[in-house]
Structures are given as C-alpha cells and as structure tokens.
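Residue numbers (the numbering used here): -1 to 543.
Where a beta carbon is used, it is the ideal one built from N, C-alpha and C, also for glycine.
A short write-up of the structure that comes next.
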C-alpha cells in the first residue's frame, strides 16, 4: 500500500489496498473493455500524457455501468460524490487483469500499482484500491463494506473500475478511488527529449493555496519552486539530462502541506515495464520494530547521498509516536491534527524547539515500504536528506482491526553543536572584517571594554528566572555602555538568536563604514523559547569621535 506521507512542506501518497469479502458480483456483458481473458497475459496501460481534470468529462462504458452505479450509490450514502475517471479505469483494469492472471490471484505490489497508475495517466497522490472477487451471477452490489469504509476515511471524488475473469470463471473487480484536487489546463507529456521544457499549468481545487513544485532530478537531488498564492499557477523548468524526473505539486490545506500530484516524466528514456511483484497486505512488524528499521534506513539513505547521519532523539520520538497514534485512532494522514494541532504545537508541548523542523508522515504495511514510499516523493525525500537537520524522532502506530496498516511519523530537527564562545567571537570578527574589506570599509578593532559588555549581555540571556527577553538584554547593555561616552561618539547594541555563530556575520549594520570598534559576545544555553543548544550573539559597536 502506498499511502502518502506528509512533510511540513508536503505529504506522500500511498495506495490503500482493501480486499473485499467474497460475494457474487453484478454481471457485465463480456467485452474487451470490461474484462481480460481468463489466465491471459495482463496488459499494461499506456497514455502519452497526463491530462487530469476536475470536471467530469468521461463516461464509463455501458458494460461497466452497473458497477459504477453501485459504487456511486454507496458513495452518496457517505456524502461523497464520485465521478468516473478514465485514467483510474485504465489502471483498475490493468490491476484486475493481473489478479485474474496470477495463479494465486494475489494483488500486485504497491510499486506495481503505482507504476500501472502512472502508465494510465493517474497523477492523484492518494489512490485507494478495493478488490472484490466472486462467482458469476447476479446479486449483491460490489459496493460492499470495504468500499464504504474507505469512503468514510478519505474524501475521494474520482473512481475507476476494472473487471477481469480468471481461468475458472471467477470474477475480479477492482475499484480504484482518488481525491482529485488539481486540474491540468494543459496535458503534461510522460516522455520528453532533453532540452525541452517541463510545464505544469494547473488550477488548485477550492481550499488549497500556495502551490509549490518539487522535482527530484535523475541524479537524486531535489529542487523546490514556489508558484505563488494560487489557485492558478504555471510551473516550468528545462530538462537537460537523460533520466527520470519525479514531479510533485504541493499546496497548503486544512491538514497542512499536502501533496496534490505526484508523477514521473521520462527524458530520453523509455518508461519501465511494471514487474509482476505481488503485495503484502498484512502487518508482520510491531511498531517498535518498524521504528528501529526505519531509523537504519534513514541513515543508510543519508550516507548514500553524502549526508551526515542523524541521531535519534528519544523525546522527539515520543512526540512523533503520539502523532502516529493520533492518526491511527482518528483515521487520517496529515500534519495538522484537530486534537493535537500542528507539528510546531506538538514540539512545544514536548518542550522541544528548533530553527529547522521537517515532518514526514506515511501509511503502509512494513518499514521498507514506508521508507521507499517517502523516498519516491520529492518533498519527503528532500526532508529526509536535508543537510540542515541533525536529529530525528521516529514514531509508529498500528491501526486497529483486520487489515489495519502502520502509521509512521518522522520529525527532523536541527540541534546546534557545542561552540567555543571565544573561538566563535574571533571567527565572527574575521568574517565581518573580510566582508568590510570587500566593500571598501576599514576593518573593525576589537575593544576589551566593549567585548566585556557584549559577553555579559550574551550570558544573561540564558540566566535568571524568568529568563530575560532579547529586548531587555539589549536595553541593559545599552545602559552599560553609557560610561563609554568620553571614548566613543556613539555606541549601539545588536543581538540575535542563531543556529550557528556564523549565521550572525552578515548583518547590514556591521558594514557601516562609520563604525571603528566592536565587542562581540557569544553564549550558548537552553531556554524554553529557543532551539536546543541555542546560540546568542551580541555586538557592541563603537563609533569613534
């Protein structure tokens, strides 16, 4: 099952597979579009471009009308309106044919379902697959409890149905549902030649805003392009290298950052043929085992990408675990929870803070499936391989009931390394003076009396009960420098919280050619409103008489 994970910037899609109970199926007249030959070779759908729209422009074949009628009737009883979709129908048909042709009638593996969906032109990130099987005959609708339950969990609005007959006459019906939240104004070709431009011209559905294009290039690096406020947008980029480009559109919605579309584009290369692998649809790992395995897979992927490994933070894992349990109990996959708020809310509740917070969430049946699904998403891959994070919290939970899947949350943050205040002050002075020299300004001279005030102010930020505000520290330092009025025409104070000391080296006031002297104070410590191992830098600037 590929169920999307979400990150602070995006969420990853997944296929949910639900086997329906054995039941007689509505009979449809046999025809090429309604089913495959028993035991025959399953076809692979192929369309030349992705052309997803939100309007209803496709009517199901007459032979499949009873199936669509049954499913849409079930949807209406759960306040959903499902519209037939040609791409989902092609994908569902290919899946049905594979199940009928397989000797054990197993469902294709999640990557296979994903590949068949892309080949059929599906770009929606949250496909759900319901498989029904039974003998020929009239009787119960295929819209059974499994379909109804799926509609209660997710706001699907598109449906495609495929039907195939096995060698023994047994029928297999596949219902594929997704939530269409993007309308392509122009088709996007599945294959391009190097030198062409990839163009995504689309409109977001109501309730979505701030679209972003995330692209994983053939070499594995990811780029992200903000596309304005929406709802209409055009994202484009040249494709100069042969290989596969994975494309995502991410937008902000009620649940936070959400993947709206996810699909590959092949440049000067042939799309791969989906394998014959079959799915695992039951959980064989406990949540603690999943957490341990995912931790190893995360650092394995980071090492392969040339990134430093991240350290596991138990307190952050507890925050992630509580969110996974919330998702499992309340049947959602998103960053924002109606009961526990946003990722930032959850970290603050856990007495954690950081200047960098990235979150991935996912649904699946085992650790490797969860991890590979995240790595297949440009937004989540970017989070997982970020060079700015140092620690991770990983939490898993299991959905209740038969067929329940695993929910996973990965929270990545940056924890500042320990710094030597004296060495950091000297490094900052050298950095500032190099910048001033490039701009034609004289180098600043470090004055002990100014440095004493700066260091006292920096240390004060982490001392006292309650902790002083940044402004109060600056005010106290300004009072302390009044005694230097005979030495300097003017003295000013700057202060800031940073992740690394060097982050404070490029401030515009430091470039003022009128400054002649400086005192630099650096301190590191902990306080509830600052990231772990926060660094506080204070500058005292002297203007000569």
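Under the three-state DSSP convention, the category residue i falls into
i	result
residue 472	helix
residue 242	strand
residue 215	coil
residue 311	coil
residue 350	coil
residue 503	coil
residue 82	strand
residue 335	strand
residue 187	strand
residue 539	strand
residue 389	strand
residue 416	coil
residue 29	Unreliable placement is indicated for residue 29, whose pLDDT of 31 sits below 50; no coordinate value is reported for it.
residue 404	strand
residue 285	helix
residue 54	coil
residue 515	strand
residue 364	coil
residue 197	strand
residue 296	helix
residue 384	coil
residue 459	coil
residue 92	helix
residue 230	strand
residue 330	coil
residue 379	helix
residue 46	coil
residue 489	strand
residue 452	helix
Beta-carbon proximity check, residue i vs residue j, cutoff 9 Å
i	j	result
residue 533	residue 414	yes
residue 364	residue 282	yes
residue 178	residue 50	yes
residue 454	residue 478	yes
residue 109	residue 97	no
residue 376	residue 212	yes
residue 289	residue 393	yes
residue 145	residue 186	no
residue 427	residue 485	no
residue 464	residue 258	no
Classification of residue i by the beta-carbon crowding that lies within 10 angstroms, buried from 16 upward
i	result
residue 209	buried
residue 166	exposed
residue 303	exposed
residue 480	exposed
residue 300	buried
residue 298	exposed
residue 527	exposed
residue 154	buried
residue 44	exposed
residue 204	exposed
residue 529	buried
residue 274	exposed
residue 542	exposed
residue 239	exposed
residue 271	exposed
DSSP beta-bridge partners of residue i
i	result
residue 176	156
residue 356	410
residue 255	250
residue 262	244
residue 523	532
residue 545	Limits of the chain in this structure are -1 at one end and 543 at the other, which puts residue 545 out of reach.
residue 65	Partner(s): none; residue 65 has no beta bridge.
residue 494	535
residue 220	214
residue 374	In the DSSP output, where bridge partners are listed per residue, residue 374 has none listed.
residue 132	169
residue 163	169
residue 466	DSSP output for residue 466 lists no bridge partner at all.
residue 394	406
residue 207	250
residue 59	DSSP output for residue 59 lists no bridge partner at all.
Contact with chain C by residue i, beta-carbon distance below 9 Å
i	result
residue 319	Of the chains in the structure shown, none is chain C; there is only one protein chain.
Exercise for the section: Examine the Cβ distances between the stretch 372 to 381 and the stretch 489 to 498 and report whether three or more of them are shorter than 8 Å. Expected result: Per the Cβ contact rule, the stretch 372 to 381 is not in contact with the stretch 489 to 498 (fewer than 3 Cβ pairs under 8 Å).
Exercise for the section: Check whether the stretch 114 to 134 touches the stretch 90 to 101, counting contact only when three or more Cβ pairs, one atom from each stretch, lie closer than 8 Å. Expected result: Yes: the two stretches touch, three or more of their Cβ pairs being nearer than 8 Å.
Practice task
Report yes or no: do the stretch 426 to 435 and the stretch 459 to 466 share at least 3 C-beta pairs separated by less than 8 Å?
Solution key: Segment contact: the stretch 426 to 435 against the stretch 459 to 466, fewer than three CB-CB distances shorter than 8 Å; contact not assigned.
Practice task
Kindly confirm or deny that the stretch 438 to 447 and the stretch 514 to 521 touch, where touching means at least three C-beta pairs closer than 8 Å.
Solution key: In short, these stretches touch, since the Cβ pair count reaches three.
Handout entry: Any 3 or more C-beta pairs closer than 8 Å across the stretch 66 to 76 and the stretch 151 to 163
Key = Cβ pair count under 8 Å is three or more, so yes.
Exercise for the section: Examine the Cβ distances between the stretch 251 to 271 and the stretch 405 to 412 and report whether three or more of them are shorter than 8 Å. Expected result: With a cut-off of 8 Å, the stretch 405 to 412 and the stretch 251 to 271 do not count as touching, because too few Cβ pairs lie within range.
Problem - Segment contact flag, the stretch 179 to 198 with the stretch 220 to 236, C-beta cutoff 8 Å, min 3 pairs - result: Counting Cβ pairs under 8 Å, three or more are found: they touch.
Problem - Inter-stretch contact at 8 Å, needing at least 3 Cβ pairs: the stretch 486 to 495 / the stretch 522 to 540 - result: Touching, per the Cβ criterion.
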